[in-house]
Amino acid sequence: MLWQDSGQIKGALETTFNRILTTRMHNLPLVNPLLSVKAVGFEAYGDLWPGVLVTPWFMNLLLLPGAEHSWLALSPGKQFEHTFPAGTFLFTLAHEPQLGLYAQCSLFSPMFDFNDQDSAIAAAESAWLGLLTPPAPRNVSRRALLRGRMGNA
């Protein structure tokens, strides 16, 4: 699948996972009935479209590929690491016919810690923004550095 923009991606994800909710996940006990499917983020980042997908059964960081990506040659179930400003994350490849190959990294599952959709979306937005934000530099004094410690002296 060649993704064109964020709206296309969000629409495809929400349609696909709403279909999964009403078919494969129907009446399963790990579904939180207070939540619904929502895609957050999915803005172009290099040759990827990263974002967070909230469903009533999981919240995952997803990567959708741009035109070319090395992991497109791998099969579903294979894992790889990808580094963002916030750190390195382990992703597992998955496939849905309507989406093609995509990569996922679990953030929450199941979703019973969330009492409403607003709190789940707030967590997803925080995760999305945090992913693209480098960690704050540690405040290390010269004395601590010379003593081999990474905290303040």
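Position in the sequence shown (from 1) plus 2 gives the number in the numbering used here. For glycine and all other residues, C-beta sits at the position ideal for the given N, C-alpha and C.
Check                                                                                                 : Outcome
Short Cβ contact (8 Å threshold) for leucine 65 with proline 52                                       : yes
Identity of the residues DSSP links to valine 42 by a beta bridge                                     : Val54
Coil, strand or helix - serine 111 by DSSP                                                            : coil
Beta-bridge pairing of threonine 94 - partner residues as DSSP gives them                             : Gln81, Gln106
Spatially closest choice to glutamate 127 from Ser38, Phe86, Val56, by CA coordinates                 : Val56
CA-to-CA distance, proline 58 to valine 42, given in whole angstroms                                  : 14 Å
The stretch 109-122 in contact with the stretch 86-95 per 3-pair CB rule at 8 Å                       : no
With 16 other Cβ atoms within 10 Å as the buried cut-off, status of leucine 37                        : buried
Cα-Cα separation, alanine 138 to threonine 90                                                         : 16 Å
Close beta carbons around isoleucine 22, own chain, < 6 Å, minus the five adjacent residues each side : none
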